[in-house]
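Going by this note's numbering, the letters in the sequence shown line up with residues 3 to 268, in that order. We put the beta carbon where it would ideally sit given N, CA and C, even for glycine.
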Amino acid sequence: MSLGDRSWLPLQTLENVYTALPVAAPTAVKNVYLRRTLTDDFDQFDHPPDPFATLTADPNTIRSFTGRPYPPYHEKATQLGTVRDGDWDRTEDVVITDDDYRERYDLYRADRFEESVFFQSMAAHFVGGTDWTETPFVARCLELADDGIPSWRSLTTRQAILERCARIDALYERIRQDGYQSQQALGFDSLLGVTEEVLVDIGRNGDLLFVNGRHRLAIAKLLDLETIPIGVLVRHRDWMRRRDQYARTGVIPDHPDLHDVPRRSD
């Protein structure tokens, strides 16, 4: 079995683990069960991270996309604690595993997050004042809807897409006025709340590679927020080796995934 291969996992994943426990069980009990249920790939490393930890990162440091098969966020809870070899953190030839995403793939992906049609349309609307329907992203989604093809959040009607625009407007205003709040601050006290944050993978050199949560990440960038909470799904094996090396030397660079590594006392 290769490192990071989760194909052996039972049908009951962490995402539906709550259905296996009594409804009345308190969250603290369920969280203990989650920790015991998760099988991670950290055993071979001396200083493993907490797969359920919510980290803090500058949104502007999340620039590129993960190269794992698209969409990379399916069954995201079962990806917590995964370590993988290979060039998935560098590849530009991404495999699309779900045909429903082919028509919209180019709307979301680019060499850089800020270069995507999605982000450029968000900027045009929130910074430039362009009506949603005149942005390239929404205009294309409406075209796809007219043909009955899923696009934004798999929506297939013009009304649903326009309602989605209104919800994103409301999200933007809420974050602008009240600040960006973590899932825990919003009342999600399950350990799986980390999978509802902006999600990244970590490449071999420590690059934060975008996986999911594009609306909140785009808003954080547009509002020039200093930090946001993030969750990590997959880490490159070389990065895990770097973590161990940093721990051995005690000289720890400033990186969101290294705040738990013990530093040398001067």
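Can you check DSSP and say which residues form a bridge with residue i?
i	result
F212	F67 and V202
A59	I230
H238	R86
Taking just the CA atoms, how far does residue j sit from residue i?
i	j	result
R8	T80	For R8, the predicted structure reports a pLDDT of 47, less than 50, and the residue's modelled location is therefore unreliable. The matter cannot be settled from this model.
C167	S156	14 Å
G131	G181	21 Å
Q14	A126	Here the model assigns Q14 a pLDDT of 43, short of 50, so the residue's position is not dependable, and the following value carries that caveat. Straight-line Cα distance between these residues: approximately 43 Å.
V236	E145	35 Å
D226	N62	8 Å
S118	H76	21 Å
D171	Q247	45 Å
P74	D100	10 Å
G252	D45	21 Å
L11	L201	Note that L11 scores 42 on pLDDT, short of 50, meaning its location in the model is unreliable; the coordinates nonetheless yield the value given after this. Approximately 21 Å between the Cα atoms of the pair.
For residue i versus residue j, is the C-beta spacing smaller than 8 Å?
i	j	result
I221	I177	yes
V196	T56	yes
R1	D240	As shown, the chain starts at 3 and ends at 268. That puts residue 1 outside it, with no answer to give.
T29	S192	yes
D203	T68	yes
Rounded to the nearest angstrom, how far is the Cβ of residue i from that of residue j, given a contact under 8 Å?
i	j	result
F47	R244	Wrong, their Cβ atoms sit about 10 Å apart, outside the cutoff.
F128	L194	Wrong, their Cβ atoms sit about 30 Å apart, outside the cutoff.
Does any heavy atom of the ligand SAH sit closer than 7 Å to the C-beta of residue i?
i	result
D209	As for the ligand SAH, it is missing from this structure, which has no ligand bound.
How is the beta strand (DSSP E) around residue i delimited, first residue to last?
i	result
R86	T84 to R86
Got a sec, what are the start and stop residues for the alpha helix (DSSP H) residue i sits in?
i	result
I163	R160 to D180
D148	P138 to D148
N33	T29 to T39
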